[in-house]
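These notes concern the structure reproduced below.
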Amino acid sequence: MRGAALLLVFAGLGTGGPAPIPPSEDPWYAPPPGFESATPGTIFRLRRAAGNLTAMYNSSAVYNILYRTTDSLYQPS
6 MRGAALLLVF
16 AGLGTGGPAP
26 IPPSEDPWYA
36 PPPGFESATP
46 GTIFRLRRAA
56 GNLTAMYNSS
66 AVYNILYRTT
76 DSLYQPS
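Read in order, the letters of the sequence shown correspond to residues 6 to 82 in this note's numbering.
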């Protein structure tokens with residue numbers, strides 16, 4: 006489940022809010038038990054992204070989304 010949730014994560018540049026930590030050190034990225042049997046696209050977690058990503062992307066809010074997807078070998082990811 007490493008790559009699936011990295012959509013809007015690791016660019017906490019600038020000021021504002023806590024700085025992001027690497028996914029390998031953030032328990033938020035641990036997949037829930039049984040994630041493999043969930044339908045691709047199922048959202049497991051949602052949170053506001055750390056750092057000042059709203060200024061970087063000229064948006065009012067930026068979120069991290071942890072969801073079930075499938076890799077290039079059609080395996081759960």
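All C-beta atoms, glycine included, are put in the ideal place defined by N, C-alpha and C. Remember, it's a predicted structure, so these values are computed and weren't measured experimentally.
Checklist entry - When you compare each of Tyr72, Ser65, Ile26 to Leu51 by their alpha carbons, which one comes out closest? => result Tyr72
Item to check | Candidates Asn63, Thr47, Tyr68, Phe40, of which the one nearest Arg53 by Cα | outcome: Tyr68
Item to check | Helix, strand or coil at Tyr34 [DSSP, three-state] | outcome: helix
Checklist entry - Around the C-beta of Gly56, are 16 or more other C-beta atoms found within 10 angstroms, so that it is buried, or is it exposed? => result buried
Next on the checklist: Considering just the uninterrupted stretch of the beta strand (DSSP E) at Leu78, what are its terminal residues?
Outcome noted: Note, Leu78: premise wrong, no beta strand (DSSP E); not H, not E.
Next on the checklist: I'd like the span of the beta strand (DSSP E) that includes Phe49, first residue to last.
Outcome noted: 48-53
Next on the checklist: Can you list, in chain order, the residues of its chain with a C-beta nearer than 6 Å to that of Glu41? Leave out the 5 residues immediately preceding and following it.
Outcome noted: Pro81
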